[in-house]
Every structure is written in C-alpha cells, then in structure tokens.
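J.: Encoded as structure tokens, here's the structure I'll be asking about.
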Amino acid sequence: MPSKRIKAPLSAMTPPTLPSLPLSVFPLVMEFAVYGYSQALLPSTRSPPAETLKDVAMVSKSWLHPVKHLMTQYSQETMEIQVKIGVKEEVDKIQSDISARGAAVRDLRVCIGKEKEYSSGAREFLLLTKQTEEVARKSCFQLESLVLPRKPKLKELEKGEKIETVLKELYLALEQMHLKGSRGGLRQLTVPTRNAAERHRSSKEFLENVAMYCPNVEHLDGSEYAFHSYEGVRCEDKWMISLDTWEKFNKTCTSLREFHWSPVPFADPFFCDFGANPKPQLETLSITANLLWSWKEYLQSCGDATAVAIKDCHGRRAKDVATIFDACPALKNLTVEIDLQKYTDSAARHFKIDILGDEFWAGVATNCPRLESLAELKNLYSVESNAAVMCTGDGIFDYMHRVLELNCYSKEWRMLDLRIGGPQNGISGVPVFYSVLVALLRRLAEVSEKDFGAAANKQKFKVFLSNPYHSRVSKQWSSIYMHEELRPLMYRVKEMHPSLEDEYYSENDPSDHMPPALMNLFNEILGYNSQGEGSDSVSDENDGDDGEGQDEVDDFWVF
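Residues 1 to 559 (UniProt numbering) make up the sequence shown, in order.
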C-alpha cells in the first residue's frame, strides 16, 4: 500500500520575511546588512544613515513600518541641545523640550555656541549648563549618556560660585538618575570643566560621585575635550586626587571600556592600583604623562599619606607603568603618546622615556592576548614607523626570529622599517641608534643561519633602521665604534650567515658591495668622501662645531 505523503506546513517551509521579524530583532538585521547603521549608544553621537534606510523603506510597504519604527526610536532616545545665544526664550524652549521628552531620552549632549562642532563658545555656558542639568535631573531618569560642554578657552581657569553651582547640580542629577532610573546610572559621562582653583577638592568630589552614582560607567572621557590641539600629552584636566580616592574609584568602576591616563598622576602606586582591579571590558587605553602636570601643586594638596607613597616613584622616577596591563585582559587598542619632537628637559621632568622599553612591551604581550603579536600576523609583509620608536636590538632580533620560527610564508620579503628613538647621548656619549645596531648585529653573530631559521625558510627579511635625529657624529667615539665594535661584528655576521655575503660581502672591507645606505654609514663615520678616499681629518667648515663631529647618517640596511 503506497505511503501517503504529508505536506509540511507552509510556515515550516518558508523562512520568515524581514517585515515579519519582531521589532526588537529588526535593528540587529539592519546593523548587519546596512553600512553605517549601528545601535551603539556610546561614546560618539549616533547618526543613522538616513538615505540608506530610506532605500530599505522603499522596497515595499511592509518594510516601511519597521524602518519608521527605527527612526522614531532614535529621535526619542537621542537629544542634542544647541544653545546658540542663550536668551531667555531659547532656554525656556529647551527646558520645555527636555521635560516633554525626558522619560525616553537615553543620550543627552549639550552644545553651546553658534558653531555646532564646538562644545562651548559663550561665556554664559556655566549658567546654561546648570539649567540643563536641573531640568534633566527632574525628567531624564533613563539617561545613559550625558555630554557637557567645556569652558570657552582652555587656558582660562574656571573658579568661584558659578562652577560650584553647576557641579552641585550635576551631582544631584547623577544621584536621581541612579536612584530613580532603571539602568543603574550613566554609562557615559563627559565633564571637561571643573573648579580649577580647588583642583584637589573638585577632583575628589567628582570621582567620589562617579563611583557612587555611576558604578557601571564605561566612558569617562571629559579629559579628551581638554587636550591642546588634539594632543593627549598636554591636558588641562588634572585629577589632583589622593591614592585613597583613586583606590575607591578603581574598586567600583570596573566596567570601563576606554580610558585615557592624561588626567591621572603618573606614579607607580597609581599604576599598581589600576592594575590590581581587573577591568574585563576595557578595550582602548591611552598612556601618557601629562606635560602640563604640576608636581609641586599636587604634592601640596594630595595629603601626607599619598605624598609619602609616591615620594621616589613619580614622574621621571616612575618605573612600574607596565603593571597597568594586569587589569586589561581584553585590550584591543593601545596608544602610547609621546611628543618626541619636544622631548626636552622640561618634558623629561615628567617621565623617563626608558620605561617604555622592552619590559613595558613584555607586560603588554603577557597580559593583553587580544593585542595580536606583529610577528604572528601571517599576511603582514611590512611594518613601517614614520615616528621615532623605542626599540632595542634584542627586540628586533626576537621579532625576526619569531617570524622565521612560525614559518608563515606570505610574500618573498617581509619589510621592517623603523626610526629608532631615544636619547642622543646614551652610554659613553654614543646615540642610542648606534647602540641598537651593535646589539642587533651581536645577536645575529651569536647564532648560525641554520639555528636562526633563515637557511631553510622561504621568508626573507629586509630590515631598514634609521636615525630620526640630525645631530653630529663625534670623532671621539666614532672611530673606536667603527673599528672595535661595528666592523668586527659585521665580519662575524658574514661568517655565521653566508647567504648574506652576496649583498655586502668583501674580503677586504665590508663597505665594498654594500647596499648604498650601509656604504653611506661607513663613509660618513670614517670620514671618507664620495669617491671613497680616506681622510684623517674633517673639513673645518662644520657649522661652528670646530671640527668635532660630522652629520649623522640615518640609514642601515640588513638583508
């Protein structure tokens, strides 16, 4: 007897159409399918791609409804206030709008001035900010993001009753949102301006209120609005806080997703306490020593206990910055901001550049597995740095060895192009650049081509190291450096790595048959002219240096 075929229900055969999806699922599909659309509320201003969503809505009437729902939801949740001139009628209208929409608003951003891209501009910004905070406190209990304007001019000090009134109103608003809202307080708080005349008290109150009423804060980014010319190394915002206040903040606010160190004291106890409290969501971190920081002002206000704790380990005496990374298991983006062009004696008082060397990066590699190792990126064939970097010969050697060890062949050549930074008067007066060259050659001279992995590996290296400085090469050390260090090492490297000999090998002098850049290095240090003729002395025309030195040569190639 033939079996009877049972038809499957239509719903089981037909996949759900886009309009049939629940409205809560529709935004997820749009986020995947529509370029530029994101549900992310923080930290930047949301701006849905209206034209693209319009194209989606025009597909059919059934698609129009969910798209309209998306745009309505966006307009209800996001509110950007622009106070242009601050007259009473304008302020009254803004207060009325906030009161009417307050219950649904999750993202409130305040701009003051005629130019929308600036967050300030009017001298009345303190009064206007207070009025905005006051109405937000009474209406916007579901707020998750609050972005306030900064003072009109960065170098002017805000002090007195007006700024205190603004901050008092702000803390009342934070309290009400925490107690009456259902979201546990703000997730983003941007406060670029506080009382500069009483930095310690103002900073202490600010962080204590954040810890108490915004325990789930993810973006505390007011400092980034106080940078000079987009430079994180010079920040007007300074958290003149005690170690006790910092410890309480770190124990509570562990949900941070990004953080900039510029307003925080550059001292070992502050590094260690940050690292002692894991922040599992922290993905973006910027580290710098604020060049506008005043240790004299700080030590007068931070309290005896903190002053004793940081006595020999702050500023240029700090050395444990790597402990920060104990708290950053999910870190994806790391920025180290140094103004090397202006790394003068003044800047050197704030930090010692050596602390950002191998130990620092070893801490990064150990604690931040989501920051991918450059050596293990299989398709990476070029690493180039236009800015000066702190790097040692040992570090360059280890990078090359790791690439060869992984044996991940992508292209015939892998390029490493670095500008070696650091003090120009290192050990025995030799600039760091030349010490790095010797350290790299010494490591290469200690291992055979076979053990290094280069003999049997298709991957070949082109390493270009350059000196970013244009100081003078001193005859006092250059001759000894060349004859007793560099030249013997290069002969030894040739012996250990015979495949290099076609590039710069010569039985008589390693400068014969070299790449032009390496030949220039030899010629200039030894005092040869462009035809290669020797010279025992340097021309008297040395720009006022009395014949004591020659221009440093920037280039060094290793093949």
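Backbone N, C-alpha and C define an ideal beta-carbon position, used for all residues, glycine too.
Taking just the CA atoms, how far does residue 70 sit from residue 22?
T.: One-based indexing of the sequence shown puts residue 22 at position 22. One-based indexing of the sequence shown puts residue 70 at position 70. So the alpha carbons of these two residues sit roughly 12 Å apart.
J.: Out of 59, 64, 104, which has the shortest C-alpha to C-alpha gap to residue 78?
T.: Counting from one through the sequence shown, the residue named residue 78 turns up at place 78. Out of 59, 64, 104, 104 has the C-alpha closest to the C-alpha of residue 78.
J.: To the nearest angstrom, how far is the alpha carbon of residue 164 from that of residue 227?
T.: Reading the sequence shown from its first residue, position 164 is the one you call residue 164. Reading the sequence shown from its first residue, position 227 is the one you call residue 227. Each residue's alpha carbon lies about 22 Å from the other.
J.: Which word fits residue 441, buried or exposed, when buried means at least 16 other C-beta atoms lie within 10 angstroms of its C-beta?
T.: In the sequence shown, counting from the first residue as 1, residue 441 sits at position 441. Buried, since its Cβ has 16 or more Cβ neighbours within 10 Å.
J.: Do residue 312 and residue 275 have their CB atoms nearer than 8 Å?
T.: For the purposes of this step, residue 312 is taken as residue 312 along the sequence shown, with counting starting at 1. For the purposes of this step, residue 275 is taken as residue 275 along the sequence shown, with counting starting at 1. No; because the gap between Cβ atoms is not below 8 Å, this pair is not in contact.
J.: Would you mind reading off the limits of the alpha helix (DSSP H) that contains residue 264?
T.: Translated into the one-based positions of the sequence shown, residue 264 becomes position 264. Taken as a continuous stretch (DSSP letters only), residue 264 belongs to no alpha helix (DSSP H), as it is neither H nor E.
J.: Contact between the stretch 139-158 and the stretch 183-193: three or more CB pairs below 8 Å?
T.: These segments touch.
J.: State the CB to CB distance for the pair residue 246 and residue 270, rounded to an integer number of angstroms; the pair is presumed to be in contact (CB under 8 Å).
T.: The sequence position of residue 246 within the sequence shown is 246, counting from 1. The sequence position of residue 270 within the sequence shown is 270, counting from 1. Confirmed, Cβ separation roughly 6 Å.
J.: Let's test the definition: count the other Cβ atoms within 10 Å of the Cβ of residue 236 and tell me whether it reaches 16, buried, or not, exposed.
T.: Locating residue 236 in the sequence shown gives position 236, counting from the first residue. Counting Cβ neighbours within 10 Å, residue 236 comes out buried, since at least 16 surround it.
J.: Residue range of the beta strand (DSSP E) that residue 460 falls in?
T.: Here residue 460 refers to the residue found at position 460 of the sequence shown. Element bounds for residue 460: 460-466.
J.: Return helix, strand or coil for residue 477, following the three-state DSSP convention.
T.: Working through the sequence shown from its first residue, we reach residue 477 at position 477. Residue 477: helix per DSSP, three-state reduction.
J.: Would you call the stretch 430-448 and the stretch 387-407 in contact, with 3 or more CB pairs under 8 Å?
T.: Yes: the two stretches touch, three or more of their Cβ pairs being nearer than 8 Å.
J.: For my contact list, residue 145 and residue 186 are in at a C-beta cut-off of 8 Å; report their separation, rounded to the angstrom.
T.: To locate residue 145, count along the sequence shown from 1; it is residue 145. To locate residue 186, count along the sequence shown from 1; it is residue 186. Right, the Cβ-Cβ distance comes to about 7 Å (below 8 Å), so this counts as a contact.
J.: Determine the burial state of residue 508: buried for a count of at least 16 other Cβ atoms within 10 Å of its Cβ, exposed for fewer.
T.: As a working note, residue 508 is residue 508 in the sequence shown. Note that residue 508 has pLDDT 40, beneath the 50 cutoff, so the model's placement of it is unreliable and the number below is only indicative. Counting Cβ neighbours within 10 Å, residue 508 comes out exposed, since fewer than 16 surround it.
J.: Assuming residue 90 and residue 109 are in contact, meaning their beta carbons sit under 8 Å apart, how far apart are those beta carbons, in whole angstroms?
T.: The sequence position of residue 90 within the sequence shown is 90, counting from 1. The sequence position of residue 109 within the sequence shown is 109, counting from 1. About 17 Å; that fails the 8 Å criterion.
J.: In this structure, how does DSSP classify residue 564 when only helix, strand and coil are distinguished?
T.: One cannot answer for residue 564 here, as it falls past the ends of the chain, which runs 1 to 559.
J.: Reducing DSSP to helix, strand and coil, say where residue 496 ends up.
T.: To locate residue 496, count along the sequence shown from 1; it is residue 496. Looking at residue 496 - three-state DSSP - the assignment turns out to be helix.
J.: Do you know how far the Cα of residue 57 is from the Cα of residue 184?
T.: Walking along the sequence shown from the start, residue 184 turns up at place 184. Walking along the sequence shown from the start, residue 57 turns up at place 57. If you take the alpha carbons of residue 184 and residue 57, they lie about 35 Å apart.
J.: Considering residue 95, what are the terminal residues of the beta strand (DSSP E) in which it resides?
T.: Taking the first residue of the sequence shown as 1, we reach residue 95 at position 95. Careful: residue 95 lies outside any beta strand (DSSP E), inside the alpha helix (DSSP H) at 88-101.
J.: With DSSP collapsed to three states, give me the class of residue 209.
T.: Counting from 1 along the sequence shown, the entry for residue 209 is found at position 209. Three-state DSSP puts residue 209 in a helix.
J.: Report yes if the CB atom of residue 172 is closer than 8 Å to the CB atom of residue 137, and no otherwise.
T.: Taking the sequence shown and counting its residues from 1, the one referred to as residue 172 is at position 172. Taking the sequence shown and counting its residues from 1, the one referred to as residue 137 is at position 137. Yes, Cβ-Cβ distance for residue 172 and residue 137 is below 8 Å.
J.: Quick check: residue 286 and residue 335, are their CB atoms within less than 8 Å of each other?
T.: Reading the sequence shown from its first residue, position 286 is the one you call residue 286. Reading the sequence shown from its first residue, position 335 is the one you call residue 335. A contact, by the Cβ cut-off of 8 Å.
J.: Expressed to the nearest angstrom, what Euclidean distance is found between the alpha-carbon atoms of residue 182 and residue 339?
T.: The residue you call residue 182 lines up with position 182 of the sequence shown. The residue you call residue 339 lines up with position 339 of the sequence shown. Those two C-alpha atoms are separated by around 44 Å.
J.: With distances taken Cα to Cα, identify the nearest neighbour of residue 106 among 140, 94, 92.
T.: As a first step, residue 106 is located in the sequence shown; it is residue number 106 there, counting from the start. Here the closest residue by C-alpha is 140.
J.: With DSSP run on the structure shown, which of helix, strand or coil describes residue 82?
T.: As a working note, residue 82 is residue 82 in the sequence shown. In the structure shown, residue 82 sits in a strand (DSSP, three-state: E or B).
J.: Measuring only the C-alpha atoms, how far is residue 315 from residue 351?
T.: In the sequence shown, counting from the first residue as 1, residue 315 sits at position 315. In the sequence shown, counting from the first residue as 1, residue 351 sits at position 351. Rounded to the nearest angstrom, the two C-alpha atoms are 5 Å apart.
J.: Keeping to the same chain, check which residues put their C-beta closer than 6 Å to that of residue 358; ignore five residues upstream and five downstream.
T.: Sequence index remark: in the sequence shown, residue 358 carries index 358 (1-based). 392, 395.
J.: Can you grab the Cα-Cα spacing for the pair residue 406 / residue 360, in whole Å?
T.: Locating residue 406 in the sequence shown gives position 406, where the first residue counts as 1. Locating residue 360 in the sequence shown gives position 360, where the first residue counts as 1. Distance between the alpha carbons of residue 406 and residue 360: 24 Å.
J.: Report the rounded CA-to-CA distance for residue 43 versus residue 272, giving the unit in angstroms.
T.: Taking the first residue of the sequence shown as 1, we reach residue 43 at position 43. Taking the first residue of the sequence shown as 1, we reach residue 272 at position 272. Those two C-alpha atoms are separated by around 27 Å.
J.: Bridge partners for residue 382 per DSSP, in chain order?
T.: One-based indexing of the sequence shown puts residue 382 at position 382. Answer is 415.
J.: Pull the bridge partners of residue 286 from the DSSP assignment, please.
T.: Counting from one through the sequence shown, the residue named residue 286 turns up at place 286. 260, 335.
J.: Taking the alpha-carbon positions, what's the residue 68 to residue 25 distance?
T.: On the sequence shown, residue 68 is found 68 positions in, with the first residue counted as 1. On the sequence shown, residue 25 is found 25 positions in, with the first residue counted as 1. Computed Cα separation, rounded: 15 Å.
J.: Is residue 31 near residue 38, with beta carbons less than 8 Å apart?
T.: If you number the sequence shown from 1, residue 31 lands on position 31. If you number the sequence shown from 1, residue 38 lands on position 38. In this structure, residue 38 lies closer than 8 Å to residue 31 by Cβ.
J.: Rank 480, 446, 460, 477 by C-alpha distance to the C-alpha of residue 493 and give the top, closest one.
T.: Residue 493 sits at position 493 when you count from the first residue of the sequence shown. Per the Cα distances, 446.
J.: As a quick exercise: from 143, 59, 60, pick the residue whose alpha carbon is nearest that of residue 99.
T.: For the purposes of this step, residue 99 is identified with residue 99 of the sequence shown, where counting begins at 1. For residue 99, the nearest C-alpha among the options comes from 143.
J.: How close, in whole Å, do the beta carbons of residue 217 and residue 174 come, if the pair is a contact with beta carbons under 8 Å?
T.: Translated into the one-based positions of the sequence shown, residue 217 becomes position 217. Translated into the one-based positions of the sequence shown, residue 174 becomes position 174. Residue 217 to residue 174, Cβ: 10 Å. No contact.
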